[in-house]
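K.L.:
Residue numbers for the sequence shown follow the working numbering, so the first one is 215 and each next one is one higher.
Please find one structure pasted underneath; my questions will follow.
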Amino acid sequence: MNEKDRILDRLRTMLQERFDADPNQVTEETKLSQLGVDSILMADMMIDIESDLDFTFKTLDLPKNPSVGDVVRLIQESMQPAG
Numbered sequence: 215m216n217e218k219d220r221i222l223d224r225l226r227t228m229l230q231e232r233f234d235a236d237p238n239q240v241t242e243e244t245k246l247s248q249l250g251v252d253s254i255l256m257a258d259m260m261i262d263i264e265s266d267l268d269f270t271f272k273t274l275d276l277p278k279n280p281s282v283g284d285v286v287r288l289i290q291e292s293m294q295p296a297g
């Protein structure tokens, strides 16, 4: 399993646990708003993601109405070494 798939799998699990989202229906194109995740809930989730995956977000700059894929990309960018 590559890093992107590992991150996506963790997000699916978290969305299932917190919002009862069917992980089989959560794709990179799924908008967080479709799952009932607003900006406050997303900020809370980001803190848990940092803890679970042992990294710190370099930025929390997400587009308006982000998709699961947007979050995956933000995590990947934040996990990359500076340079």
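We put the CB at the ideal spot given by N, CA and C, even for glycine.
With burial defined as no fewer than 16 other Cβ atoms inside 10 Å of the residue's Cβ, what is the status of Ala235: buried or exposed?
P.N.:
buried
K.L.:
Roughly how many whole angstroms lie between the Cα atoms of Glu243 and Val286?
P.N.:
Spanning the two alpha carbons is a distance of roughly 11 Å.
K.L.:
For Leu276 and Arg220, what's the separation of their Cα atoms in angstroms?
P.N.:
Approximately 20 Å between the Cα atoms of the pair.
K.L.:
Tell me the residue span of the alpha helix (DSSP H) that contains Ser265.
P.N.:
For Ser265, the enclosing alpha helix (DSSP H) covers residues Ser253 to Leu267.
K.L.:
Assuming contact is defined by CB atoms lying nearer than 8 Å, are Glu264 and Thr273 in contact in what I supplied?
P.N.:
no
K.L.:
Compare the beta carbon distance of Asp262 and Met228 with 8 Å and say whether it is the shorter of the two.
P.N.:
With respect to the 8 Å criterion, Asp262 and Met228 are classified as neighbours on the basis of their beta carbons.
K.L.:
For the putative contact between Leu246 and Met256, defined by C-beta atoms under 8 Å, what is the C-beta separation to the nearest angstrom?
P.N.:
6 Å
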